[in-house]
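Residue numbers (our numbering): 73 to 436. Note that CB positions come from ideal geometry on N, CA and C, so glycine has one too.
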């Protein structure tokens, strides 16, 4: 019987190569917690939870306190009971996804399995098409950044945009720069009105830009507007901030409040709920985008395994490694500027701490 006999909750502070700017927030560093658990057989599991107060309303200190209290209560408890207890919470998903990942990583290692095998997923394709995100910038900087990522070979580029007609013009300026075989993803982060969204769709339809999808154009509670937008365009409309957990996904899918959904571990609380969401969407013939927040190797790797193993994940937006300046980990996925590779191994996530970059990890 596996059980947790020791744990650590550590701080993660990793600088970004460049600011990550959206209509909601600006980030210059990755802040989060690293959950490190030890099983009674001596094997270690890692899980990462990023702080995103604007999205989750939960600070790193709050995440730490929840994780500490839970693991204090869970020492020497059967690991299956521990997982069930963690899943019983409906809040603290921003902390829970790293906690659950750490448990699953350790259990997989104990069984000499990849984490995908422990989750019951079959990973046939280990090279996944990925994107990169261009932050909210002025027109000149947007053009410069677009040219940079095109030179690196990206075939999928996501643009953060704000409200106002000038934002549409900023994207349309890219017509002469971006070839038609490069797919563009637009993410207003709820900043558009219904009318602005319809105007944007018309402008995109008249352009030569290859728009792959538009992500959460209007406010979360504008469900009927999301439905009407979805009905008026062939461009997929992805519900993001309106889908956190399985119940949210059911509501959005069953009522047509979007044509696809964005699954993020930080929103749903961990891999197990993510699988439930994707499987429900599959039964309803709805595609999924697997996304992320500002995260590093641990969270990106479990997200990649899920993306590869869940057959209705059509789009992948796992560009966290593209933004971090360096990483305190070795192992896990490999980033290739537009694609990610999942190495074959038999040890959970296949990740450990890189002692040479340990300054990015500290105690509370």
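Between the C-alpha atoms of residue i and residue j, what's the straight-line distance to the nearest angstrom?
i           : j           : result
residue 305 : residue 273 : 7 Å
residue 422 : residue 238 : 45 Å
residue 424 : residue 269 : 44 Å
residue 184 : residue 251 : 45 Å
residue 326 : residue 293 : 16 Å
residue 381 : residue 202 : 15 Å
residue 111 : residue 339 : 27 Å
residue 137 : residue 427 : 26 Å
residue 288 : residue 311 : 5 Å
residue 290 : residue 300 : 11 Å
residue 135 : residue 436 : 12 Å
residue 219 : residue 248 : 11 Å
residue 317 : residue 434 : 31 Å
residue 387 : residue 262 : 20 Å
residue 198 : residue 295 : 36 Å
Below 7 Å, is the gap between the Cβ of residue i and the nearest heavy atom of the ligand COA?
i           : result
residue 212 : Looking at this structure, you won't find the ligand COA or any other ligand, since it has none at all.
Measuring CA to CA, which of the options is closest to residue i?
i           : options            : result
residue 100 : 428, 403, 392, 80  : 392
residue 277 : 296, 256, 263      : 256
residue 275 : 132, 290, 365, 245 : 245
residue 227 : 243, 283, 95, 260  : 283
residue 173 : 287, 234, 105      : 105
residue 417 : 433, 373, 407      : 373
residue 91  : 313, 322, 360, 208 : 208
residue 96  : 319, 213, 260      : 260
residue 271 : 236, 141, 253      : 236
residue 206 : 197, 199, 234, 198 : 234
residue 432 : 368, 213, 152, 141 : 368
residue 140 : 358, 204, 109, 313 : 109
residue 83  : 120, 200, 324      : 120
residue 240 : 264, 297, 366      : 264
Ordered along the chain, which non-local residues of its own chain (more than five positions away) have a Cβ less than 6 Å from that of residue i?
i           : result
residue 180 : 187, 190, 420
residue 363 : 334, 336, 389
residue 354 : 384
residue 415 : none
residue 123 : 103, 104, 132
residue 429 : 398, 400
residue 232 : 94, 207, 208, 259
Can you name the start and end residues of the alpha helix (DSSP H) that residue i belongs to?
i           : result
residue 198 : Neither: residue 198 is in no alpha helix (DSSP H) and is coded neither H nor E.
residue 327 : 318–327
residue 359 : From DSSP, residue 359 is part of no alpha helix (DSSP H) but of the beta strand (DSSP E) over 359–362.
residue 381 : 369–381
residue 168 : 165–182
What whole-angstrom Cβ distance do residue i and residue j have, given they're in contact under 8 Å?
i           : j           : result
residue 115 : residue 178 : 5 Å
residue 224 : residue 409 : 4 Å
residue 79  : residue 195 : 28 Å between Cβ atoms; not a contact.
residue 86  : residue 396 : 5 Å
Only counting the same chain, and skipping five residues up and downstream in sequence, which positions put a Cβ closer than 7 Å to that of residue i?
i           : result
residue 168 : 158, 161, 341, 342
residue 154 : 76, 146, 175
residue 302 : 309, 328, 330, 331
residue 150 : 73, 75
residue 345 : 317, 318
Go to residue i, then tell me how far its beta strand (DSSP E) extends in each direction, as first and last residue.
i           : result
residue 205 : 204–206
residue 387 : 385–388
residue 395 : Taken as a continuous stretch (DSSP letters only), residue 395 belongs to no beta strand (DSSP E), being part of the alpha helix (DSSP H) at 392–395.
residue 87  : 76–93
residue 423 : 423–425
residue 118 : 116–122
residue 231 : 228–232
residue 285 : 283–287
Quick one: what's got a C-beta closer than 8 Å to residue i's C-beta in the same chain, skipping five residues either side?
i           : result
residue 285 : 257, 258, 307, 308, 309, 310, 332, 361, 387
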